[in-house]
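A.B. asks: Residue numbers (the numbering used here), protein chains in the order written: chain A, 1 to 407; chain B, 1 to 449. Think of the CB as a built atom: it goes at the ideal place given N, C-alpha and C, for glycine as much as any other residue.
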Amino acid sequence: MNVPFRPIISALFRNRAGALLVAAQVAIALAVLVNAVYMVKQRVDLINRPTGIDVDNIFVVGVQGFTKDFDYRAMLDEDISWLRSIPGVIGVTATNSVPLSGGGSSDYFKLTPDAKTGGRDALVNYFHFNEQGADALGLNVIAGRWFTREEVQPPGGTLYAVYSGPIVVTKDYADRMFPKGDALGKVIYGSSSQPLTIIGIVDHMIGSWPVGVDYPTQIMYMAFEPAGPGTRYLVRTQPGLRDQLMRKVEAELGQRNVKRAVNYVRTLKLYQDRSYLTQRNMSIYLIVVTGLLMAITSFGIFALATFNVSTRTKQVGTRRAVGARRRDVVAHFLVENWLITTVGVFVGCVLALAAGHLLSLQYDLPRVDLYYIVGGVVVMWLVGLAAAWHPSRRAARISPALATRTV
Amino acid sequence: MIGYYFRLAFASFRRTPGLGILMVLAVAVGIGVCVVTLTYYHAISGNPIWWKGDQLYSVTLDNWDPREPADPSRPTLPPDQLTYRDAEHIWQSDIPKRTTIMYRGYGIISGDGLNGPLKPAPTTTRITTGAFFPMFDVPFEYGKGWSNNADVAPEPVVVISHELNQRLFGGTDSVGRTIRWNDTPFRIIGVLAEWDPQPKYYDLTTGNFNPAEDVYLPWKWGETLSIQSDGSSNCWKIQDVQTFQGLAQSECVWVQAWVELPNFIARSRMQSFLDNYTNAERKHGRFPRPQNNRLTDVDQWLKVNKVVTNDNRVLVGLAFAFLAVCLINTVGLLLAKFLNAAPLSGLRRALGASKKQLFLQHMVEVSTIAGAGAVLGLGLGALGLAGIRELYERTATSPHPSGVASLLYLNISSYLTAVTLAVVATFICGLYPAWRVGRLQPASYLKNQ
Numbered sequence: 001m002n003v004p005f006r007p008i009i010s011a012l013f014r015n016r017a018g019a020l021l022v023a024a025q026v027a028i029a030l031a032v033l034v035n036a037v038y039m040v041k042q043r044v045d046l047i048n049r050p051t052g053i054d055v056d057n058i059f060v061v062g063v064q065g066f067t068k069d070f071d072y073r074a075m076l077d078e079d080i081s082w083l084r085s086i087p088g089v090i091g092v093t094a095t096n097s098v099p100l101s102g103g104g105s106s107d108y109f110k111l112t113p114d115a116k117t118g119g120r121d122a123l124v125n126y127f128h129f130n131e132q133g134a135d136a137l138g139l140n141v142i143a144g145r146w147f148t149r150e151e152v153q154p155p156g157g158t159l160y161a162v163y164s165g166p167i168v169v170t171k172d173y174a175d176r177m178f179p180k181g182d183a184l185g186k187v188i189y190g191s192s193s194q195p196l197t198i199i200g201i202v203d204h205m206i207g208s209w210p211v212g213v214d215y216p217t218q219i220m221y222m223a224f225e226p227a228g229p230g231t232r233y234l235v236r237t238q239p240g241l242r243d244q245l246m247r248k249v250e251a252e253l254g255q256r257n258v259k260r261a262v263n264y265v266r267t268l269k270l271y272q273d274r275s276y277l278t279q280r281n282m283s284i285y286l287i288v289v290t291g292l293l294m295a296i297t298s299f300g301i302f303a304l305a306t307f308n309v310s311t312r313t314k315q316v317g318t319r320r321a322v323g324a325r326r327r328d329v330v331a332h333f334l335v336e337n338w339l340i341t342t343v344g345v346f347v348g349c350v351l352a353l354a355a356g357h358l359l360s361l362q363y364d365l366p367r368v369d370l371y372y373i374v375g376g377v378v379v380m381w382l383v384g385l386a387a388a389w390h391p392s393r394r395a396a397r398i399s400p401a402l403a404t405r406t407v
Numbered sequence: 001m002i003g004y005y006f007r008l009a010f011a012s013f014r015r016t017p018g019l020g021i022l023m024v025l026a027v028a029v030g031i032g033v034c035v036v037t038l039t040y041y042h043a044i045s046g047n048p049i050w051w052k053g054d055q056l057y058s059v060t061l062d063n064w065d066p067r068e069p070a071d072p073s074r075p076t077l078p079p080d081q082l083t084y085r086d087a088e089h090i091w092q093s094d095i096p097k098r099t100t101i102m103y104r105g106y107g108i109i110s111g112d113g114l115n116g117p118l119k120p121a122p123t124t125t126r127i128t129t130g131a132f133f134p135m136f137d138v139p140f141e142y143g144k145g146w147s148n149n150a151d152v153a154p155e156p157v158v159v160i161s162h163e164l165n166q167r168l169f170g171g172t173d174s175v176g177r178t179i180r181w182n183d184t185p186f187r188i189i190g191v192l193a194e195w196d197p198q199p200k201y202y203d204l205t206t207g208n209f210n211p212a213e214d215v216y217l218p219w220k221w222g223e224t225l226s227i228q229s230d231g232s233s234n235c236w237k238i239q240d241v242q243t244f245q246g247l248a249q250s251e252c253v254w255v256q257a258w259v260e261l262p263n264f265i266a267r268s269r270m271q272s273f274l275d276n277y278t279n280a281e282r283k284h285g286r287f288p289r290p291q292n293n294r295l296t297d298v299d300q301w302l303k304v305n306k307v308v309t310n311d312n313r314v315l316v317g318l319a320f321a322f323l324a325v326c327l328i329n330t331v332g333l334l335l336a337k338f339l340n341a342a343p344l345s346g347l348r349r350a351l352g353a354s355k356k357q358l359f360l361q362h363m364v365e366v367s368t369i370a371g372a373g374a375v376l377g378l379g380l381g382a383l384g385l386a387g388i389r390e391l392y393e394r395t396a397t398s399p400h401p402s403g404v405a406s407l408l409y410l411n412i413s414s415y416l417t418a419v420t421l422a423v424v425a426t427f428i429c430g431l432y433p434a435w436r437v438g439r440l441q442p443a444s445y446l447k448n449q
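Shown next as structure tokens:
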């Protein structure tokens, strides 16, 4: 199709202000769109990282002894064996902290007993689990083995109790300490120089802090009952049974021992959702506002096109009368609109890069990828075409007779 | 004359109601998004005790590892909490008007309620000196707090929150009743009125927007009952921390300390008290890092602890970009509308209306649109805030509503935002179109009639 640019441009200049206003909207919309989509993408990736845990089939039970004659160890044994006896339960472990919850313990560990700790880079997130720890989380042990019942040590006096004995670590942590990949069987040392022997390696897991630390997947498991008088149990059920078994535990566990309170029975998913809450809310907010922005912008394009068509009815009629076909009229308005959008898109690219640069400088956010800008440009062109489509079709329906009527 | 302009504006709206509604909507959506964002931002960036902002100071001392700072990403800062022993020493000073040292614990409440035994239930607990209540202006519904003596030789007294009093005793005056905290009896001497400062400036270690605790116990009960911290605690030195005594003597930090210093003199005296103390301790091998003792007021404390995140600032920028697009949109629509109605304006000019009058008339029309947009925008803002509260509440585990969500209602600043933005919108949107219409030559339009 042969598009006559001259008349389009001269028509454009008849309503400069309107065209400039629409171009400005397109520019700002593009800058926001590109950066918002990029920020959402980063958050979605963060939230959707594999956890290594069977999150959907696990629930957490919090218990707390409170009477003077309370026997913590007896409670642990009774509760754990009762929970394990429930049909549909795959594994139960007591734990010092809830994975993915945003709260947990970390400590320094070193390669030689007398090293002056290796600084923060040796900091690792640790868990006190029993012999069913791997089953209770659905962890995948890829080398060596998990703990046996006999290896699990009785609880210490406080959460800082010193542990010495066999440990299992995640592959990420093993690789950090032993980059040659020969971690299995090696001994590392705790902050009191106590020896710990690596007997197994877990494929992958996100630990206590899904956000906010730089070592979320470097984890150590100790065969240790957590310190009392309160603790949490992680209970993993067969798929689909979680909610049903949660209700049973909530109804029955408390009565089995009145010297302690059952503080809560919650899904592990709740903890995960809570850890990602601000990330998720920010994403939703960005998506809603960007969506509204695109709607407002496409509406602005639509309004300008409609206005242009309605003020040029006579001119269109004249052009039709002297031989222009309907598709020439459609093309005229679409191209006119495309030119306006394109001006906006060019300014928008500059704005998007500037905004992205500002964000990365001021707020330590990574620079926006160029793909996103290319994608944004295509989207804005399509939105512009779609918004101008209906007014252009209306223009094409203007009858050539109109021109003769009012002359 | 202004009344007449309003009538004209209304007539103009009736000529093209669709366009009018769209303009009002564009302004409304823009103002709505700004109201939501700014209300949220205002809520999280507020100082909940601004009236005492220059008298309350958080105390921090750098007792950390000689080899590395407490927070390697911000090496100039001391740890955000104190050791038990340092906190107790600060408590001994008579320089501050009041001193609060405290930490968060966790206990099970049992005993007898109004109708028989209570179901043992976990409660968040603050182990604190009695100065907490007058210092942070905590309001009481019934009774009062405890005196200094009750902290030293700990008396079995307790203050409970409004919410806990609702739960246990249906909101009746429960002063004088006894409840058991981890099976130890305590006499209730005070019930707080509803009180939940957000952000929880006096202890940010368990989350900036955590709810206030339900139970308050006198300080020395911590030692008597060996109550360990349920909040954050950090250690760097290898020490025996297997018992409460061990923890209390260790270099682990887990206690918050605040002092009330009414004037500059008290403040500088307190600073030298701290510096002298750490210098003296250095002789015993403590405080291996350079001197870094800080008194931080509430505003600064909220900044240092990054209560307002970068995300929050990005959202404010986004809201204004959004408003800009909405307003540009409205300018375009107004221009179209005014130019379409130019023959009418030409007629009015021909009949003697001055350029100024025409300009004023169109500005009145624009301000009507912006005003309607602001009202509708406030409505949309209320809806948006309800939506955000819903997002937060879906993962709430606390029995009483709290946290950021409790702040997300339209307030005086939201209304001010809407009014200001409406005025701004009127000028931004109206000036150019109204000016253009006033400049038109009346003759060219009269010809067409």
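Closest Cβ-Cβ distance between B/Thr417 and chain A: below 7 Å?
C.D. replies: B/Thr417 does not count as touching chain A.
A.B. asks: Using a beta-carbon distance below 7 Å, is B/Ile227 in contact with chain A?
C.D. replies: No - not a single Cβ of chain A is within 7 Å of the one on B/Ile227.
A.B. asks: State the CB to CB distance for the pair A/Gly104 and A/Ser192, rounded to an integer number of angstroms; the pair is presumed to be in contact (CB under 8 Å).
C.D. replies: The pair is not a contact, with the Cβ atoms about 20 Å apart (cut-off 8 Å).
A.B. asks: For B/Thr368, I'd like the list of residues in its chain whose CB is within less than 7 Å of its CB, leaving aside the five on either flank, ordered along the chain.
C.D. replies: Counting only Cβ-Cβ distances below 7 Å, and skipping sequence neighbours, we find Phe6, Ala9.
A.B. asks: Taking only beta carbons into account, state which residues of the region 10-25 of chain A come closer than 8 Å to chain B, listed in chain order.
C.D. replies: Cβ contacts with chain B come from Ala17, Gly18, Leu21, Val22, Ala24, Gln25.
A.B. asks: Can you tell me where the alpha helix (DSSP H) holding B/Pro134 begins and where it ends?
C.D. replies: Looking at the DSSP string, the run of the alpha helix (DSSP H) that includes B/Pro134 is 132-135.
A.B. asks: So is B/Asn182 in contact with chain A if we call contact Cβ pairs under 7 Å?
C.D. replies: Yes, because at least one Cβ of chain A sits closer than 7 Å to the Cβ of B/Asn182.
A.B. asks: Between A/Val55 and chain B, is there a C-beta pair that is closer than 7 Å?
C.D. replies: No, A/Val55 lies away from the interface with chain B (no Cβ there is under 7 Å from its Cβ).
A.B. asks: Given this structure, state the Cα-to-Cα distance separating B/Gln242 from A/Asn130, to the nearest angstrom.
C.D. replies: Between B/Gln242 and A/Asn130, the C-alpha separation is close to 21 Å.
A.B. asks: Whose Cβ in chain B lies nearer than 8 Å to the Cβ of A/Leu292?
C.D. replies: Within 8 Å Cβ-Cβ: Val29, Val33, Phe322.
A.B. asks: Please determine, among A/Lys269, A/Thr148, A/Arg266, A/Val368, the residue with the shortest C-alpha to C-alpha distance to A/Gly200.
C.D. replies: With distances taken between Cα atoms, A/Gly200 lies closest to A/Thr148.
A.B. asks: Using a Cβ-Cβ cut-off of 7 Å, state whether A/Gln255 counts as contacting chain B.
C.D. replies: Chain B, which has no Cβ nearer than 7 Å to the Cβ of A/Gln255, makes this no.
A.B. asks: Taking buried to mean at least 16 other C-beta atoms within 10 Å of its own C-beta, is B/Gly285 buried or exposed?
C.D. replies: It is exposed - the Cβ of B/Gly285 has fewer than 16 other Cβ atoms within 10 Å.
A.B. asks: Measure the CB-CB distance between B/Tyr84 and B/Ala248 and report whether it falls below 7 Å.
C.D. replies: In this structure, B/Ala248 lies closer than 7 Å to B/Tyr84 by Cβ.
A.B. asks: Can you tell which of B/Val375, B/Arg126, B/Ser444 has the C-alpha that lies nearest to the C-alpha of B/Val33?
C.D. replies: Selected option, being the one with the closest Cα: B/Val375.
A.B. asks: Mark B/Thr123 as exposed unless 16 or more other C-beta atoms lie within 10 angstroms of its C-beta, in which case mark it buried.
C.D. replies: Buried is the call here.
A.B. asks: Helix, strand or coil: how does DSSP classify B/Trp301 here?
C.D. replies: In the structure shown, B/Trp301 sits in a helix (DSSP, three-state: H, G or I).
A.B. asks: With the cut-off set at 7 Å, would you say A/Ile301 and A/Gly375 are in Cβ contact?
C.D. replies: Result no, Cβ atoms of A/Ile301 and A/Gly375 do not sit closer than 7 Å.
A.B. asks: At least one CB of chain A closer than 7 Å to the CB of B/Pro78: is that the case?
C.D. replies: With 7 Å as the cut-off, B/Pro78 does not count as an interface residue toward chain A.
A.B. asks: To the nearest angstrom, report how far apart B/Thr100 and A/Gly356 are at their CA atoms.
C.D. replies: Rounded to the nearest angstrom, the two C-alpha atoms are 45 Å apart.
A.B. asks: So, does the CB of B/Gln242 fall closer than 7 Å to a CB anywhere in chain A?
C.D. replies: B/Gln242 counts as touching chain A.
A.B. asks: Three-state secondary structure (DSSP) at A/Ile206?
C.D. replies: Coil.
A.B. asks: Find out if the Cβ-Cβ distance for the pair A/Val61, A/Ile80 is shorter than 7 Å.
C.D. replies: No, they are not a contact pair.
A.B. asks: Is B/Ile238 close to chain A, meaning its C-beta is less than 7 Å from at least one C-beta of that chain?
C.D. replies: It does; some Cβ of chain A falls within 7 Å.
A.B. asks: May I ask which residues mark the beginning and end of the beta strand (DSSP E) holding A/Glu252?
C.D. replies: Looking at the DSSP string, A/Glu252 is not in any beta strand (DSSP E); the run it does join, the alpha helix (DSSP H), is 242-252.
A.B. asks: Within 7 Å of any Cβ in chain B, is that where the Cβ of A/Val378 sits?
C.D. replies: Chain B, which has no Cβ nearer than 7 Å to the Cβ of A/Val378, makes this no.
A.B. asks: Who are the Cβ neighbours of B/Gly53 in its own chain at under 8 Å, not counting the five residues just before and after it?
C.D. replies: Within the same chain, B/Gly53 has close Cβ partners Asn47, Asp297, Val298, Asp299.
A.B. asks: Would you kindly check if the distance between the Cβ of B/Glu365 and the Cβ of B/Ser12 is under 7 Å?
C.D. replies: Their beta carbons are under 7 Å apart, which means B/Ser12 touches B/Glu365 by this criterion.
A.B. asks: By the three-class DSSP mapping on this structure, what secondary structure does B/Gln361 have?
C.D. replies: Helix, per DSSP.
A.B. asks: Mind checking if B/Leu335 is an interface residue toward chain A, Cβ cutoff 7 Å exclusive?
C.D. replies: B/Leu335 counts as touching chain A.
A.B. asks: Just checking: is the beta-carbon of A/Pro391 within a distance shorter than 7 Å of some beta-carbon in chain B?
C.D. replies: Not an interface residue.
A.B. asks: Runs of 3 residues minimum, wholly inside the region 281-347 of chain B: which ones carry the beta strand (DSSP E) assignment?
C.D. replies: Counting whole runs of 3 or more residues, the region 281-347 of chain B contains the beta strand (DSSP E) stretches 294-297.
A.B. asks: Would B/Gly430 be called buried (16 or more neighbouring beta carbons within 10 Å of its own) or exposed?
C.D. replies: Burial call: buried.
A.B. asks: Check whether chain A comes within 7 Å of B/His400, counting only Cβ atoms and requiring the distance to be less than that.
C.D. replies: In this predicted model, B/His400 has a pLDDT of only 47, less than 50, meaning its place in the structure is not dependable enough to derive any value.
A.B. asks: Is A/Gln64 close to chain B, meaning its C-beta is less than 7 Å from at least one C-beta of that chain?
C.D. replies: Cβ-Cβ to chain B under 7 Å: yes for A/Gln64.
A.B. asks: I want to see whether chain A comes within less than 7 Å of B/Asn279, judged by CB atoms only; does it?
C.D. replies: Output row for B/Asn279: interface = no.
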